[in-house]
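Enquirer:
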Amino acid sequence: MKWSKLIDFNEQYLQRGYLLKFKAHYPFEEEVIMMVCEGGYSQKGLITISGYKAGINMYVLFPEEANPDGLSTEWFIKNWTKWVWPEGDVNSVLVRPALTYDEI
-14 MKWSKLIDFN EQYLQRGYLL KFKAHYPFEE EVIMMVCEGG YSQKGLITIS
36 GYKAGINMYV LFPEEANPDG LSTEWFIKNW TKWVWPEGDV NSVLVRPALT
86 YDEI
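Counting along the sequence shown from 1, when you hit position 87 you're at 72 in this note's numbering, and nothing is skipped either side.
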């Protein structure tokens, strides 16, 4: 499975395990990959899976309004700079479904 632009992604929800790749800077590397994960009460969040910060706690836990039936792709795009990366351009964010066993 290849990466797609988030703004062109045609799924209503970002499911647990989906990966997001985007340009970043300190405290991350120049590019970071985060995975959609579950927090308390089935809320969705992001955890870093690349670089020095990989696996260190949840990066962000999204509010319940983002999670009525999953993490809304539309809500995520609209709230990118507020909840994920204020300096980032949502137009350059890439997304892909979770890795399969054969890809690891």
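Think of the CB as a built atom: it goes at the ideal place given N, C-alpha and C, for glycine as much as any other residue.
VAL21 and LEU46: beta carbons closer than 9 Å?
Expert: Not in contact: VAL21 and LEU46 (Cβ atoms no closer than 9 Å).
Enquirer: Do TYR37 and PRO12 have their C-beta atoms closer together than 9 Å?
Expert: Yes; because the gap between Cβ atoms is below 9 Å, this pair is in contact.
Enquirer: Using only alpha-carbon positions, find the residue among ASP87, ALA9, ILE62, ILE34 that is nearest to ILE(-8).
Expert: Of ASP87, ALA9, ILE62, ILE34, the residue nearest in Cα terms is ILE62.
Enquirer: On the premise that GLY73 lies in contact with LYS8, defined as a C-beta separation below 8 Å, what is that separation, rounded to the nearest angstrom?
Expert: That belief holds up - the Cβ atoms of LYS8 and GLY73 are roughly 7 Å apart, short of 8 Å.
Enquirer: For ASN52, which option in LYS29, GLU16, ASN(-5) has the closest C-alpha, if you only look at C-alpha atoms?
Expert: Out of LYS29, GLU16, ASN(-5), LYS29 has the C-alpha closest to the C-alpha of ASN52.
Enquirer: Hey, would you say THR33 sits closer than 9 Å to GLY40, going by beta carbons?
Expert: Yes, Cβ-Cβ distance for THR33 and GLY40 is below 9 Å.
Enquirer: Below 7 Å CB to CB, which residues in the same chain sit around TRP68 once its five sequence neighbours on both sides are set aside?
Expert: The answer, listed in chain order, is VAL45, PHE47.
Enquirer: Is the closest heavy atom of the ligand SAM to the C-beta of ILE32 under 8 Å?
Expert: The ligand content of the structure shown is nil, which means the ligand SAM is not present either.
Enquirer: DSSP three-state label for VAL21, please.
Expert: VAL21: strand per DSSP, three-state reduction.
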